[in-house]
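Student: Residue numbers (this note's numbering), protein chains in the order written: chain A, 1 to 161; chain B, 1001 to 1220. Questions regarding the structure given below will be posed in turn.
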Amino acid sequence: MAEPRGISRRAFTTRAMAFVGTIIGTVVGIPIIGYLVSPAVKASTTETWIPLGALSKYPVGTPTQSNFTLTQVNGWEKTVNSYSVYVLRGSNDSVEVLSNVCTHLGCRVTWHTKADEYICPCHDGRFSPTGKVISGPPPHPLTTYETKLDNGNLFIHVLES
Amino acid sequence: MITNKVFPWLDERLGLKTIYKTILDRNVPKVNWWFTLGSATLFLFVLQVVTGIMLTVYYVPSPSTAYDSIQYIMNDVTMGWLIRGIHHWGATLMVITVFIHMLRVFYYGAYKYPRELTWVTGVLLLLFTLGMGFTGYLLPWDQKAYWATTVGTSIAGSVPLIGDFIMRVLRGGSDLSGVTLARFFSAHIWMFPILIMGLIGVHLYLVIRLGISSVPAKTD
Ligand code: HEM
Ligand code: FES
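Now the structure itself:
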């Protein structure tokens, strides 16, 4: 076979191999990058309204504990986490819901009726009934949840990432 | 720069040109497309290694997680379906190419002196490739996997005298269990791949050392 113009059979094959090799490398390589970083990029956020029951069952003026669970999905793994919050019902349907997670290093605070304070067992952080810091190392007030009332039932807005 | 200085420097020490010449610039007789099947198998093997390593990033071989972790790969991980798909179909394709490669060697009489050992390593490669298929099939831990392996291991159990023993060794006990899954996984990602890689090394060394046989003539 006569060589058509400048390119030899060998050079042609080399280039064709390089070309096909690049395509295969890209077709496999790029998906692999996406595959490996996937869980980081697809950080799943939970965003729900959790029902805490009828508002009327909570006493007015005393922080009252309420518990709920939330299922967190990590890949193929489902973890059920328990949460506690304090519901502080005010007069005429006003309500405040506080997280029991201490803003210092994350221990769980408990309401002490006698002291009229939330007390953190870890470093003796103390918070007022509405969650303001009274004493101790906590840098911020207790976190509050967004609330809504539906037919007399209390719901809180939970955002987890 | 790279071609003028760096390459000659490296070549002088590493003998890159010699390696290239020995492996890729060999003299070969005029052959046909059937002679590409060994290389096709090699390519598929590399592809299986790459996609298989990727699968182990998310797959967890235990009865409680195997199935769910694969569902996760298929439905949630970016391109997970593609990686698993390539591994799944690549496995089937590789068995086919090894087999046709062997048929071509057989029909052309390419196994004869001096290539007997190439054939022997080839037979082992075929067996281990089938072993990969057998152990890999269990890993999804779904109904099909479970019962196929139940049947497969009881076939081994039908060997006279030592059959029951073989079956127990394969299953890691009298029944299929998490123990079976773990040892199949180990065989699938460690034992067989290492054996196959070593044998491919010997196989290709022999192919290069002995050269490729030509297409037999009518008078052969
Ligand atoms: C993982 C599996 C295998 C790989 C990667 C592989 C790879 C190769 C490659 C790249 C060649 C060069 C020539 C050609 O491609 O036709 C070759 C030749 C050869 N293979 Fe395989 N092979 C495998 C399995 C087998 C099996 C199952 C047999 C037979 C039982 C076998 C027997 C041979 C023989 C005898 C040659 C020399 C052929 C000749 O000189 O013409 N191989 N192999
Ligand atoms: S964690 Fe609550 S005071 Fe330190």
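Glycine included, each C-beta is placed from N, C-alpha and C at the ideal position. Quantities reported herein were computed from a predicted structural model and do not represent experimental measurements.
When you compare the CB positions of B/Leu1037 and B/Ile1086, do they come within less than 8 Å of one another, or not?
Tutor: As a working note, residue 1037 of chain B is residue 37 in the second sequence. As a working note, residue 1086 of chain B is residue 86 in the second sequence. Contact: no.
Student: As a quick exercise: from A/Thr45, A/Pro121, A/Tyr83, A/Ser56, pick the residue whose alpha carbon is nearest that of A/Ser91.
Tutor: Indexing the first sequence from 1 puts residue 91 of chain A at position 91. Looking at the Cα atoms, A/Ser56 is the closest of the given residues.
Student: Can a CB atom of chain A be found closer than 8 Å to the CB of B/Gly1080?
Tutor: Translated into the one-based positions of the second sequence, residue 1080 of chain B becomes position 80. Interface residue, yes.
Student: Under 8 Å, Cβ to Cβ, is there at least one residue of chain A near B/Gln1071?
Tutor: For the purposes of this step, residue 1071 of chain B is identified with residue 71 of the second sequence, where counting begins at 1. True, the Cβ-Cβ gap to chain A drops below 8 Å.
Student: Between the segment 1009-1028 of chain B and the segment 1166-1186 of chain B, are three or more C-beta pairs nearer than 8 Å?
Tutor: No: the two stretches stay apart, fewer than three of their Cβ pairs being nearer than 8 Å.
Student: Please return the same chain residues whose Cβ sits closer than 8 Å to the Cβ of B/Val1095, not counting the five positions on each side in sequence.
Tutor: Start at 1 with the first residue of the second sequence, and residue 1095 of chain B comes out as number 95. The residues are Thr1129, Leu1130, Gly1133.
Student: Under three-state DSSP, which class holds B/Trp1034?
Tutor: To locate residue 1034 of chain B, count along the second sequence from 1; it is residue 34. DSSP places B/Trp1034 in helix when its eight states are reduced to three.
Student: Any idea what DSSP makes of A/Pro39, helix, strand or coil?
Tutor: Here residue 39 of chain A refers to the residue found at position 39 of the first sequence. DSSP places A/Pro39 in helix when its eight states are reduced to three.
Student: Taking 7 Å as the cut-off, is the beta-carbon of B/Trp1119 closer than that to any non-hydrogen atom of ligand 1?
Tutor: Taking the first residue of the second sequence as position 1, residue 1119 of chain B is located at position 119. B/Trp1119: yes, Cβ under 7 Å from ligand 1.
Student: Listed by chain order, which residues have C-beta atoms less than 7 Å from any heavy atom of ligand 2?
Tutor: Every residue passing the under-7 Å Cβ criterion appears here: A/Cys102, A/His104, A/Leu105, A/Gly106, A/Cys107, A/Val109, A/Cys120, A/Cys122, A/His123, A/Asp124, A/Gly125, A/Gly136, A/Pro137, A/Pro138.
Student: Check for me: the beta strand (DSSP E) holding A/Val87 runs from which residue to which?
Tutor: Locating residue 87 of chain A in the first sequence gives position 87, counting from the first residue. Segment 77-89, the beta strand (DSSP E) holding A/Val87.
Student: To which residues does DSSP link A/Ala54 through a beta bridge?
Tutor: On the first sequence, position 54 is the one that residue 54 of chain A refers to. DSSP lists A/Asn153 as partners of A/Ala54.
Student: For the beta strand (DSSP E) holding A/Asn100, just list the boundary residues, first then last.
Tutor: Within the first sequence, the letter at position 100 stands for residue 100 of chain A. Segment: none, A/Asn100 is in no beta strand (DSSP E) and carries neither H nor E.
Student: Taking only the alpha-carbon atoms, compute the straight-line gap between B/Phe1106 and B/Ile1208 and give it to the nearest angstrom.
Tutor: As a position in the second sequence, residue 1106 of chain B is number 106, starting the count at 1. As a position in the second sequence, residue 1208 of chain B is number 208, starting the count at 1. Their Cα atoms are separated by approximately 19 Å.
Student: Can you confirm whether A/Val80, when its beta carbon is compared against all beta carbons of chain B, has any partner nearer than 8 Å?
Tutor: In the first sequence, the residue the question calls residue 80 of chain A occupies position 80. It does not; no Cβ of chain B falls within 8 Å.
Student: Could you tell me which chain B residues have their CB closer than 7 Å to the CB of A/Ser38, listed as they occur along the chain?
Tutor: Residue 38 of chain A sits at position 38 when you count from the first residue of the first sequence. Neighbours of A/Ser38 on chain B, chain order: Val1077, Thr1078.
Student: Just to confirm, is the Cβ distance from A/Lys132 to A/Pro141 under 8 Å?
Tutor: By 1-based counting over the first sequence, the position of residue 132 of chain A is 132. By 1-based counting over the first sequence, the position of residue 141 of chain A is 141. Yes, they are a contact pair.
Student: Listed in chain order, which residues of the segment 72-106 of chain A have Cβ atoms closer than 7 Å to some Cβ of chain B?
Tutor: Gly75, Trp76
Student: Just to make sure I have the definition right: I need the residues of chain B whose C-beta is within less than 8 Å of the C-beta of A/Pro31. Which are they?
Tutor: Along the first sequence, read from residue 1 onward, the residue named residue 31 of chain A stands at position 31. Thr1078, Met1079, Leu1082, Ile1083, listed in chain order.
Student: Look at the alpha carbon of A/Thr62 and the alpha carbon of A/Ile119, and state the distance between them as a whole number of angstroms.
Tutor: Numbered from 1 along the first sequence, position 62 holds the residue referred to as residue 62 of chain A. Numbered from 1 along the first sequence, position 119 holds the residue referred to as residue 119 of chain A. Taking the straight line joining both Cα atoms gives about 15 Å.
Student: When the distance is taken between beta carbons, is B/Ala1066 closer than 8 Å to B/Leu1139?
Tutor: The count along the second sequence starts at 1 and reaches residue 1139 of chain B at position 139. The count along the second sequence starts at 1 and reaches residue 1066 of chain B at position 66. Going by C-beta atoms, B/Leu1139 is nearer than 8 Å to B/Ala1066.
Student: What is the DSSP secondary structure of A/Trp111, reduced to helix, strand or coil?
Tutor: Sequence index remark: in the first sequence, residue 111 of chain A carries index 111 (1-based). A/Trp111: strand per DSSP, three-state reduction.
Student: Exposed or buried, which one is B/Met1102 when buried takes at least 16 other CB atoms within 10 Å?
Tutor: In the second sequence, residue 1102 of chain B corresponds to position 102, counting from 1. Buried.
Student: Are any of the Cβ atoms in chain B nearer than 8 Å to that of A/Gly34?
Tutor: Within the first sequence, numbered from 1, the residue matching residue 34 of chain A stands at position 34. Yes, because at least one Cβ of chain B sits closer than 8 Å to the Cβ of A/Gly34.
Student: If we cut at 8 Å on Cβ distances, does A/Val28 have a partner in chain B?
Tutor: Taking the first residue of the first sequence as position 1, residue 28 of chain A is located at position 28. By this cut-off, A/Val28 is an interface position.
Student: Opposite A/Phe127 in the DSSP bridges: which residues?
Tutor: Residue mapping note: residue 127 of chain A aligns to position 127 of the first sequence, counting from 1. A/Phe127 is bridged to A/Tyr118, A/Val133.
Student: Roughly how many angstroms lie between the CA atoms of A/Ser99 and A/Asn151, to the nearest whole one?
Tutor: Taking the first residue of the first sequence as 1, we reach residue 99 of chain A at position 99. Taking the first residue of the first sequence as 1, we reach residue 151 of chain A at position 151. Approximately 24 Å, taken between the alpha carbons.
Student: Using a Cβ-Cβ cut-off of less than 7 Å, give me the residues of the segment 1121-1150 of chain B that come near chain A, in sequence order.
Tutor: Listed in sequence order: no entries.
Student: Just to confirm my understanding: we take A/Val97, look at its own chain, exclude 5 residues before and 5 after, and list those with CB closer than 6 Å. What are they?
Tutor: Residue mapping note: residue 97 of chain A aligns to position 97 of the first sequence, counting from 1. Within the same chain, A/Val97 has close Cβ partners Val85, Val87, Tyr145, Thr147, Ile156.
Student: For chain A, find out if any of its Cβ atoms is closer than 8 Å to the Cβ of B/Tyr1058; answer yes or no.
Tutor: In the second sequence, residue 1058 of chain B corresponds to position 58, counting from 1. By this cut-off, B/Tyr1058 is an interface position.
Student: So the candidates are B/Met1001, B/Leu1210, B/Thr1003; which of them puts its Cα closest to the Cα of B/Tyr1113?
Tutor: The sequence position of residue 1113 of chain B within the second sequence is 113, counting from 1. Of the listed residues, the one whose Cα sits closest to B/Tyr1113 is B/Leu1210.
Student: Who are the near neighbours of A/Asp124 in its chain, counting only those whose CB is closer than 7 Å to its CB and skipping five residues on each side?
Tutor: Here residue 124 of chain A refers to the residue found at position 124 when the first sequence is read from its first residue. Excluding residues up to 5 positions away in sequence, Gly136 lie with their Cβ nearer than 7 Å to the Cβ of A/Asp124 in the same chain.
Student: If the cut-off is 8 Å on Cβ atoms, which residues from the segment 108-119 of chain A count as contacting chain B, listed in chain order?
Tutor: none
Student: Could you please give the first and the last residue of the uninterrupted beta strand (DSSP E) stretch that includes A/Leu70?
Tutor: Reading the first sequence from its first residue, position 70 is the one you call residue 70 of chain A. Here the beta strand (DSSP E) through A/Leu70 covers 64-74.
Student: Contact defined as beta carbons within less than 8 Å: I believe A/Gly34 pairs with B/Met1079. What is the distance between those atoms, to the nearest angstrom?
Tutor: Here residue 34 of chain A is taken as the residue at index 34 of the first sequence, counted from 1. Here residue 1079 of chain B is taken as the residue at index 79 of the second sequence, counted from 1. A/Gly34 to B/Met1079, Cβ: 5 Å. Contact.
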